[in-house]
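Here's the structure, in structure tokens; my notes come after.
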Amino acid sequence: MSYSTQAVVEHHLQAFNEGIDSIMEDFIEESVVITKDATYRGIAEIHAFFTELVNGLPEDFEDAVIMRRQEVQGEVAFLLWDAKPWFTFCTDTLVTRNGKILYHNFAAQAG
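When we follow the numbering used here, the leftmost residue of the sequence shown carries the number 1, and every step to the right adds one.
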């Protein structure tokens, strides 16, 4: 079965409205998430990262998110967004394979 990178990105963005279990559907044990502070490998570490991230967001965070750019080229997706006043600049780069996120780089500038 073939999965488009665009479909994976769309699910990942929607998953943030649905919770941690939905977010984790996009990852496999071989997945790696890289941030400015740490590298998270595998389901357990990635789950812990997203749990802390999501639980730390304010209630009205979703309403503040503005997607500035979304580019998909093959298995790579680049997202540029902000959520002011909390994040003034954010990027995500995803590498997908077989309908899952294999690599996810995330960087954010706090407001």
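Heads up, the beta-carbon is just placed ideally off N, CA and C, and yes, glycines get one too.
Treat the numbers as computed from the prediction; the structure is a model and nothing was measured.
Asked                                                                                                                 : Found
Reduced DSSP secondary structure (H/G/I, E/B, other) of glutamate 62                                                  : helix
Of the residues Val72, Leu94, Ile101 and Ala108, the one placed nearest tryptophan 86, counting alpha carbons only    : Ala108
Beta carbon of glutamate 91 nearer than 7 Å to that of glycine 111                                                    : Glutamate is not the amino acid found at residue 91; the sequence shown has threonine there. No, these two residues do not count as a Cβ contact at 7 Å.
For aspartate 21, the first and last residue of its enclosing beta strand (DSSP E)                                    : Taken as a continuous stretch (DSSP letters only), aspartate 21 belongs to no beta strand (DSSP E), being part of the alpha helix (DSSP H) at 20 to 24.
DSSP state of alanine 7 mapped onto helix, strand, coil                                                               : helix
For arginine 41 and valine 54, believed in contact at Cβ under 8 Å, the rounded distance                              : The Cβ separation is near 19 Å, so there is no contact.
6 Å CB neighbourhood of asparagine 105 in its chain, flanking five on each side removed                               : Ile34 and Thr93
Helix, strand or coil at threonine 91 according to DSSP, with G and I counted as helix                                : strand
Own chain partners of aspartate 26 with C-beta closer than 7 Å, once the 5 adjacent residues on each side are dropped : Val8, His11, His12, Ala15, Lys100 and Ile101
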